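See below for the structure under consideration.
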Amino acid sequence: NEQSPGGGYLRHARAQEEIILYNSDGYRALLDLKYQRMNGGYAIPEFGLAYVRNIRFFDAESEERHRLADMLVSACYCLNGSELYDNPRTPDELKKNNLAKFRAFMATAVANTIGDGSNTYLLLGPIGTGAFGNDVEDIAECFREVLEMPMMNSTRPIRYAFSNIWFVSIDDWKNDIFQKILPKSESDNAEEL
Numbered sequence: 001n002e003q004s005p006g007g008g009y010l011r012h013a014r015a016q017e018e019i020i021l022y023n024s025d026g027y028r029a030l031l032d033l034k035y036q037r038m039n040g041g042y043a044i045p046e047f048g049l050a051y052v053r054n055i056r057f058f059d060a061e062s063e064e065r066h067r068l069a070d071m072l073v074s075a076c077y078c079l080n081g082s083e084l085y086d087n088p089r090t091p092d093e094l095k096k097n098n099l100a101k102f103r104a105f106m107a108t109a110v111a112n113t114i115g116d117g118s119n120t121y122l123l124l125g126p127i128g129t130g131a132f133g134n135d136v137e138d139i140a141e142c143f144r145e146v147l148e149m150p151m152m153n154s155t156r157p158i159r160y161a162f163s164n165i166w167f168v169s170i171d172d173w174k175n176d177i178f179q180k181i182l183p184k185s186e187s188d189n190a191e192e193l
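Just so we're aligned, residue 1 is where the sequence shown starts under UniProt numbering, counting upward by one.
Now the structure itself:
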């Protein structure tokens, strides 16, 4: 979350974000961010995020093998209570603010893509739809809108900056909702003939 590196990681929470940290050295990277970059403080800006390069995802069968990935660190609004930032007052304000947050995600991912993006996998998940209480369909709709927007002086949707976009969740029913809202034909990055 925006105030605590790793959210419920130290309490052994089983949410998607914590599972990422249990299977990688991402928590160490967040502590490096807190203590080496933020002088012991930790607060992710409301419309900002942190970008962490080269975290290692471990291979369950071999201590020697791992895969490197970059990680965007941000938080959605906590609709079940208050956190660092005040929640939007209306559904329209919530959508407008989430669109601004997700545009920041995409711009940061594009700006940090190595090369032309032809070998880039963008993994997105149902952020904020667990303990923070955001609606899965609303989050999927915001991602759909942002992926279809032209950004960064492009005339085409930003989704074309990535060769592969995957929506992943530990909850199958959330994957089903994302699949319904972002069908393969719409999120497929192959050029149309």
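Glycine included, every Cβ here is placed at the ideal spot set by N, Cα and C.
All of these numbers come straight from a predicted model, not from anything done at the bench.
Worksheet item: In its own chain, which residues sit with a C-beta less than 7 Å from the C-beta of Ala107, not counting the 5 before and 5 after it?
Response: Here residue 107 corresponds to residue number 107 of the sequence shown, with the count starting at 1. Within the same chain, Ala107 has close Cβ partners Met151, Met152.
Worksheet item: Cα separation between Cys78 and Leu94?
Response: As a working mapping, residue 78 is identified with position 78 in the sequence shown. As a working mapping, residue 94 is identified with position 94 in the sequence shown. If you draw a straight line from the Cα of Cys78 to the Cα of Leu94, it is about 11 Å long.
Worksheet item: What is the rounded straight-line gap between the Cα of Asn87 and the Cα of Gly26?
Response: In the sequence shown, residue 87 corresponds to position 87, counting from 1. In the sequence shown, residue 26 corresponds to position 26, counting from 1. Approximately 28 Å, taken between the alpha carbons.
Discussion item. To test your reading of the DSSP string, which unbroken beta strand (DSSP E) runs of 3 or more residues are found completely within the segment 113-162?
Written reply: Considered as a whole, the segment 113-162 harbours 121-124 as its complete beta strand (DSSP E) runs of no fewer than 3 residues, in chain order.
Worksheet item: Among the residues of its own chain, which have a CB less than 6 Å from the CB of Pro91, if the five just before and after it don't count?
Response: Indexing the sequence shown from 1 puts residue 91 at position 91. Correct list: empty, nothing qualifies.
Discussion item. Give me the residue from Ser24, Leu72, Asn164, Asn112 with the minimum Cα distance to Ile127.
Written reply: Along the sequence shown, one-based indexing puts residue 127 at 127. Sorting Ser24, Leu72, Asn164, Asn112 by C-alpha distance to the C-alpha of Ile127 places Leu72 at the top.
Worksheet item: Alpha carbon to alpha carbon, what distance is there between Ser74 and Phe51?
Response: Here the question's residue 51 lines up with position 51 in the sequence shown. Here the question's residue 74 lines up with position 74 in the sequence shown. In the sequence on display, residue 51 carries Tyr and not Phe. Taking the straight line from one Cα to the other gives about 9 Å.
Worksheet item: Taking one C-beta from the segment 139-150 and one from the segment 158-174 each time, how about it: are there three or more such pairs within less than 8 Å?
Response: The segment 139-150 and the segment 158-174 touch, with no fewer than 3 CB-CB distances between them shorter than 8 Å.
Discussion item. Using 8 Å as the threshold, is the C-beta distance between Gly130 and Phe167 below it?
Written reply: Your numbering for residue 130 matches position 130 in the sequence shown. Your numbering for residue 167 matches position 167 in the sequence shown. No, Cβ-Cβ distance for Gly130 and Phe167 is not below 8 Å.
Worksheet item: Which residues share a DSSP beta bridge with His66?
Response: Numbered from its first residue, the sequence shown carries residue 66 at position 66. Its beta-bridge partners are Phe58.
Discussion item. Please return the same chain residues whose Cβ sits closer than 7 Å to the Cβ of Arg156, not counting the five positions on each side in sequence.
Written reply: On the sequence shown, position 156 is the one that residue 156 refers to. Contacts found: Pro150.
Item to complete: Go ahead and pull the three-state DSSP assignment for Leu79.
Response: Looking up residue 79 in the sequence shown gives position 79. Note: Leu79 maps to coil in three-state DSSP.
Worksheet item: If you drop the 5 nearest sequence neighbours on each side, which residues of the same chain put their C-beta closer than 8 Å to that of Leu122?
Response: In the sequence shown, the residue the question calls residue 122 occupies position 122. Residues of the same chain with a CB within less than 8 Å of the CB of Leu122, apart from the 5 flanking positions on each side, are Ala109, Phe162, Asn164, Ile165, Trp166 in chain order.
Item to complete: Identify which residue in Ala29, Ala100, Cys76, Met38 has its Cα closest to the Cα of Ala69.
Response: Indexing the sequence shown from 1 puts residue 69 at position 69. Ala29 is the residue among Ala29, Ala100, Cys76, Met38 whose C-alpha sits nearest the C-alpha of Ala69.
Worksheet entry | The beta strand (DSSP E) enclosing Asn164, as first and last residue numbers | As a first step, residue 164 must be located in the sequence shown, where it is residue number 164. Per DSSP, Asn164 belongs to the beta strand (DSSP E) from 164-167.
Discussion item. With a threshold of 6 Å on Cβ separation, who are the neighbours of Glu148 within its own chain once the five nearest residues in sequence on each side are excluded?
Written reply: For the purposes of this step, residue 148 is identified with residue 148 of the sequence shown, where counting begins at 1. Pro157, listed in sequence order.
Worksheet item: Can you name the start and end residues of the alpha helix (DSSP H) that Phe178 belongs to?
Response: Position 178 of the sequence shown, counting from 1, holds the residue named residue 178. Where Phe178 is concerned, the enclosing alpha helix (DSSP H) starts and stops at 172-181.
Discussion item. Run through the DSSP bridge pairs and tell me what Val52 is partnered with.
Written reply: Against the sequence shown, residue 52 aligns to sequence position 52. The bridge partners DSSP lists for Val52 are Met71.
Item to complete: Could you tell me if Leu49 is buried or exposed, where buried requires 16 or more neighbouring beta carbons within 10 angstroms of its beta carbon?
Response: Numbered from 1 along the sequence shown, position 49 holds the residue referred to as residue 49. Under this definition Leu49 is a buried residue.
Item to complete: Could you tell me the boundaries of the alpha helix (DSSP H) in which Phe47 lies?
Response: Here residue 47 refers to the residue found at position 47 of the sequence shown. No alpha helix (DSSP H) holds Phe47; DSSP gives it neither H nor E.
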